[in-house]
Amino acid sequence: MSDSSDLKIAFLGGGSTQFAPGLIVDFIHARELYGSRLVLVDVDEEKLEKVFRLGKRLLEAGGADYALSRTSDRREALAGADFVVVSVEVDRFATWEQDRRIPAELGIAQALGENGGPGGLFHALRQIPGVVEICEDAQRLCPEALVLNLSNPMSRVLQAVRDYTGVRFIGLCHEIRGGNEYLCRLLGLPRERLRVVAAGLNHFSWYQEIRDADTGRDLYPEVRARVQRSAEPDRLLVADILRQTGHLSITTDSHVGEYLAGGHVWKSAWAPEVEPLAFFESYKAEIAEIESRMQAVLAGEQPAEQLLEEPSGEIVTEMIERVALGRKQGYDAFNLPNDGLIPNLPAGCIAEVPGWLDGARFGGRAVEPLPPLLAGWCGVQAAIHALNARAAMEGDRRAALEALLLDPVVPDRFTAERCLEAMLDANRAYLPRFFV
Numbered sequence: 202m203s204d205s206s207d208l209k210i211a212f213l214g215g216g217s218t219q220f221a222p223g224l225i226v227d228f229i230h231a232r233e234l235y236g237s238r239l240v241l242v243d244v245d246e247e248k249l250e251k252v253f254r255l256g257k258r259l260l261e262a263g264g265a266d267y268a269l270s271r272t273s274d275r276r277e278a279l280a281g282a283d284f285v286v287v288s289v290e291v292d293r294f295a296t297w298e299q300d301r302r303i304p305a306e307l308g309i310a311q312a313l314g315e316n317g318g319p320g321g322l323f324h325a326l327r328q329i330p331g332v333v334e335i336c337e338d339a340q341r342l343c344p345e346a347l348v349l350n351l352s353n354p355m356s357r358v359l360q361a362v363r364d365y366t367g368v369r370f371i372g373l374c375h376e377i378r379g380g381n382e383y384l385c386r387l388l389g390l391p392r393e394r395l396r397v398v399a400a401g402l403n404h405f406s407w408y409q410e411i412r413d414a415d416t417g418r419d420l421y422p423e424v425r426a427r428v429q430r431s432a433e434p435d436r437l438l439v440a441d442i443l444r445q446t447g448h449l450s451i452t453t454d455s456h457v458g459e460y461l462a463g464g465h466v467w468k469s470a471w472a473p474e475v476e477p478l479a480f481f482e483s484y485k486a487e488i489a490e491i492e493s494r495m496q497a498v499l500a501g502e503q504p505a506e507q508l509l510e511e512p513s514g515e516i517v518t519e520m521i522e523r524v525a526l527g528r529k530q531g532y533d534a535f536n537l538p539n540d541g542l543i544p545n546l547p548a549g550c551i552a553e554v555p556g557w558l559d560g561a562r563f564g565g566r567a568v569e570p571l572p573p574l575l576a577g578w579c580g581v582q583a584a585i586h587a588l589n590a591r592a593a594m595e596g597d598r599r600a601a602l603e604a605l606l607l608d609p610v611v612p613d614r615f616t617a618e619r620c621l622e623a624m625l626d627a628n629r630a631y632l633p634r635f636f637v
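Residue numbers are given in the working numbering: position 88 of the sequence shown equals residue 289, and the series is strictly consecutive.
As structure tokens, this is what we get:
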């Protein structure tokens with residue numbers, strides 16, 4: 202590991218207006234990393250240039266001592282890197298709408314079509330080869346680097362990274378933060394009074410313990426009672442699953458609903474019926490607002506200082522700081538290979554469990570077995586993720602079909618076959634391995 206003031210941090214997906222500016226703001230507040238090199242990498246050179254210019258303005262406004270650069274050549278960025286942050290997407294909006302529309306035309310109902318169902322399968326088929334290629338390059342050019350992945354579908358993507366590369370990686374997702382904030386609202390507790398243990402798969406993880414950090418008191422009985430009385434609009438499905446299973450999902454209806462038959466039936470304050478057009482228009486409007494504010498800063502119409510109070514909400518920078526400075530830290534959720542971490546899930550699947558850092562060392566904390574029903578639900582998804590990884594890397598149609606046959610949102614084998622062929626045809630330009 203380099204000295205903490207001389208790190209090289211490569212950010213793949215650095216042209217993202219949704220995430221990259223927030224990450225730069227995070228680094229501005231991480232004063233102990235000043236002197237480090239931040240390299241933004243993206244294939245979209247126009248967006249990359251725009252984020253780079255904004256980043257320079259932000260660093261100047263914050264008085265932050267970082268060497269910021271940009272490149273479309275990822276190998277240049279990866280050479281000698283200490284950390285590799287991966288947050289990449291492939292034509293996100295066009296493909297996402299397609300991932301919802303085609304299954305719907307065939308009678309397959311999905312919640313989001315992002316991480317589960319046929320949408321999740323094809324999202325991962327497009328994502329996996331590129332992320333694996335990034336990791337293969339990292340293995341050659343910066344073999345000691347720690348890869349921090351934020352790309353979705355998290356479990357499917359990292360399953361391929363685990364199965365086809367040898368990089369050191371951790372998958373990071375902010376859903377646990379949202380779940381903890383929900384618990385604090387529900388219980389009327391400050392965050393420092395809440396202690397939790399959660400385990401499962403990314404976006405399909407479950408609170409095993411909810412306690413008062415000061416007294417050790419079990420708060421789960423109170424949570425069960427309060428959720429049933431006053432579930433929030435985007436946690437109605439979560440409340441019903443809690444009623445049935447006794448366990449609370451860390452995430453909202455939109456994510457947990459992706460992995461269950463009938464999971465599309467939920468209501469949200471954000472997208473009332475997850476009606477496709479309303480959903481995508483809402484999301485696009487959010488991104489457009491971010492880009493508009495970014496453009497206003499670049500044009501001198503808005504002071505850059507206003508953006509300095511808007512961190513990304515991710516823990517990437519905090520983790521890099523802890524590793525670089527050799528500090529210890531515990532975290533509520535890491536996505537890692539299941540090496541006995543959840544005893545009744547398949548070995549080698551990508552599990553989401555509490556994690557720890559101790560300088561350059563890291564790992565997950567072993568937890569109690571999941572209840573049989575939750576273990577069964579997660580086990581099916583873990584099998585799907587393994588098939589998805591093989592299908593993506595080897596262009597294996599049989600593996601892709603088996604993943605659909607296992608998926609609880611696909612009603613029958615005939616629909617699975619029709620869906621596979623229709624979606625492969627629609628994704629022909631993105632999936633050359635299937636058409637060799």
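Note that the Cβ used here is the ideal one computed from N, Cα and C, for glycine as well.
Whole-angstrom distance between Gly-596 and Val-362, CA atom to CA atom:
The residue labelled residue 362 in the question sits at position 161 within the sequence shown. The residue labelled residue 596 in the question sits at position 395 within the sequence shown. Taking the straight line joining both Cα atoms gives about 16 Å.
Assigned secondary structure, Asp-413 (DSSP; H/G/I helix, E/B strand, else coil):
Your numbering for residue 413 matches position 212 in the sequence shown. Residue state, collapsed to three classes: strand.
Pro-609 in three-state terms, based on DSSP:
Position 408 of the sequence shown, counted from the start, is the residue given in the question as residue 609. In the structure shown, Pro-609 sits in coil (DSSP, three-state: anything other than H, G, I, E or B).
For Ser-493, count neighbouring Cβ atoms within 10 angstroms of its own Cβ and tell me buried if that reaches 16, exposed if not.
In the sequence shown, the residue the question calls residue 493 occupies position 292. It is exposed - the Cβ of Ser-493 has fewer than 16 other Cβ atoms within 10 Å.
In angstroms, rounded to a whole number, what distance separates the CA positions of Leu-542 and Ser-356?
By 1-based counting over the sequence shown, the position of residue 542 is 341. By 1-based counting over the sequence shown, the position of residue 356 is 155. Spanning the two alpha carbons is a distance of roughly 15 Å.
Given a threshold of 16 other Cβ atoms within 10 Å of its Cβ, counted over all protein chains shown, does Ser-431 qualify as buried or as exposed?
Reading the sequence shown from its first residue, position 230 is the one you call residue 431. Looking at its Cβ environment, which holds fewer than 16 other Cβ atoms inside 10 Å, Ser-431 is exposed.
Per DSSP, Glu-209 is paired with what?
For the purposes of this step, residue 209 is taken as the residue at position 8 of the sequence shown. With the sequence shown as reference, residue 209 is identified as Lys, and Glu is not the correct amino acid for it. According to DSSP, Lys-209 bridges with Arg-238.
Under DSSP, the beta strand (DSSP E) around Val-285 begins and ends at which residues?
Residue 285 sits at position 84 when you count from the first residue of the sequence shown. Where Val-285 is concerned, the enclosing beta strand (DSSP E) stretches over 284-287.
Report the partner residues of Trp-578 according to the DSSP bridge assignment.
Numbered from 1 along the sequence shown, position 377 holds the residue referred to as residue 578. Note: Trp-578 sits in no beta bridge, so no partner.
The alpha helix (DSSP H) with Val-457 in it runs from where to where?
Within the sequence shown, residue 457 is the residue found at index 256, counting from 1. That run of the alpha helix (DSSP H) goes 454-457.
Nearest by alpha-carbon distance to Ile-309: which of Ser-483, Asn-536, Ile-488 and Ala-462 is it?
Numbered from 1 along the sequence shown, position 108 holds the residue referred to as residue 309. Selected option, being the one with the closest Cα: Ala-462.
Distance between beta carbons of Thr-453 and Leu-575, contact taken as under 8 Å
In the sequence shown, residue 575 corresponds to position 374, counting from 1. In the sequence shown, residue 453 corresponds to position 252, counting from 1. Not confirmed; about 17 Å, so no contact.
Please tell me whether Leu-213 and Ile-335 are closer than 7 Å, where the distance is taken between their beta carbons.
For the purposes of this step, residue 213 is identified with residue 12 of the sequence shown, where counting begins at 1. For the purposes of this step, residue 335 is identified with residue 134 of the sequence shown, where counting begins at 1. It is a contact, given that the beta carbons lie within the stated cut-off.
Is the stretch 373-383 touching the stretch 528-544, taking contact as three or more C-beta pairs under 8 Å?
yes
When we look at the beta-carbon of Ala-617 and count the other beta-carbons within 10 Å, is it buried (16 or more) or exposed?
As a first step, residue 617 is located in the sequence shown; it is residue number 416 there, counting from the start. With 16 or more other Cβ atoms within 10 Å, it is buried.
Leaving aside the five residues before and after Gly-263 along the sequence, list all residues of the same chain whose C-beta is less than 7 Å from its C-beta, in chain order.
Stepping through the sequence shown from its first residue, residue 263 is reached at position 62. For Gly-263, where only same-chain residues beyond five positions count, the Cβ hits under 7 Å are Ile-229 and Leu-509.
I need the DSSP call for Arg-396, collapsed to helix, strand or coil.
Residue numbering aside, residue 396 sits at position 195 when the sequence shown is read from its first letter. Note: Arg-396 maps to strand in three-state DSSP.
Flag this pair as yes or no: are the beta carbons of Asp-300 and Gly-317 separated by less than 7 Å?
Within the sequence shown, the letter at position 99 stands for residue 300. Within the sequence shown, the letter at position 116 stands for residue 317. Cβ distance not < 7 Å, so Asp-300 and Gly-317 don't count as in contact.
CB-CB under 7 Å to Glu-603, same chain, minus the five flanking residues each way: which ones, in chain order?
Stepping through the sequence shown from its first residue, residue 603 is reached at position 402. Excluding sequence neighbours, Glu-603 sits near Leu-588.
Straight-line Cα distance separating Val-610 from Thr-296:
Taking the first residue of the sequence shown as 1, we reach residue 296 at position 95. Taking the first residue of the sequence shown as 1, we reach residue 610 at position 409. Straight-line Cα distance between these residues: approximately 19 Å.
Helix, strand or coil at Tyr-267 [DSSP, three-state]:
Along the sequence shown, one-based indexing puts residue 267 at 66. Three-state result, Tyr-267: coil.
If you draw a straight line from the C-alpha of Ala-592 to the C-alpha of Pro-633, how long is it?
One-based indexing of the sequence shown puts residue 592 at position 391. One-based indexing of the sequence shown puts residue 633 at position 432. Computed Cα separation, rounded: 12 Å.
Contact check, Ser-288 vs Leu-373, beta carbons under 7 Å
Residue mapping note: residue 288 aligns to position 87 of the sequence shown, counting from 1. Residue mapping note: residue 373 aligns to position 172 of the sequence shown, counting from 1. Not in contact: Ser-288 and Leu-373 (Cβ atoms no closer than 7 Å).
If we count the other Cβ atoms within 10 Å of its Cβ and call it buried at 16 or more, is Gly-577 buried or exposed?
The count along the sequence shown starts at 1 and reaches residue 577 at position 376. Classification for Gly-577: exposed.
Looking at the structure shown, is Thr-296 part of a helix, part of a strand, or coil, going by DSSP?
Numbered from 1 along the sequence shown, position 95 holds the residue referred to as residue 296. Helix at Thr-296.
Three or more C-beta pairs closer than 8 Å, one from the stretch 509-525 and one from the stretch 228-242: is that the case here?
yes
Report the rounded CA-to-CA distance for Leu-313 versus Ala-583, giving the unit in angstroms.
Looking up residue 313 in the sequence shown gives position 112. Looking up residue 583 in the sequence shown gives position 382. Leu-313 and Ala-583: Cα-Cα distance of roughly 19 Å.
Would you kindly report the start and end of the unbroken beta strand (DSSP E) that includes Asp-559?
On the sequence shown, residue 559 is found 358 positions in, with the first residue counted as 1. Looking at the DSSP string, the run of the beta strand (DSSP E) that includes Asp-559 is 551-559.
Determine which residues share a DSSP beta bridge with Lys-248 and list them.
On the sequence shown, residue 248 is found 47 positions in, with the first residue counted as 1. Paired residue(s): none; Lys-248 is not in a bridge.
Does the Cβ of Ile-451 lie closer than 6 Å to at least one heavy atom of the ligand MN?
Here there are no bound small molecules, and the ligand MN is not part of this structure.
Give, in chain order, every unbroken run of the alpha helix (DSSP H) that is at least 4 residues long and sits entirely within the stretch 327-406.
355-365 and 376-388
Go through its chain and collect everything with a Cβ distance to Ile-585's Cβ below 7 Å, but skip five positions before and after it.
For the purposes of this step, residue 585 is taken as residue 384 along the sequence shown, with counting starting at 1. The answer, listed in chain order, is Ala-604, Leu-607 and Asp-608.
Among residues of its own chain, excluding the 5 on either side of Ala-627, which ones have a beta-carbon nearer than 8 Å to its beta-carbon?
Along the sequence shown, read from residue 1 onward, the residue named residue 627 stands at position 426. Around Ala-627: Gln-299 and Ile-303.
What residue does the alpha helix (DSSP H) around Arg-145 start on, and which one ends it?
Any question about residue 145 goes unanswered here, given that the chain covers just 202 to 637.
Beta-bridge pairing of Ser-450 - partner residues as DSSP gives them:
By 1-based counting over the sequence shown, the position of residue 450 is 249. For Ser-450, which the question treats as bridged, DSSP gives the partners Trp-407.
Local Cβ density within 10 Å of Gln-360, reported as buried at 16 or more and exposed below that
Working through the sequence shown from its first residue, we reach residue 360 at position 159. Buried.
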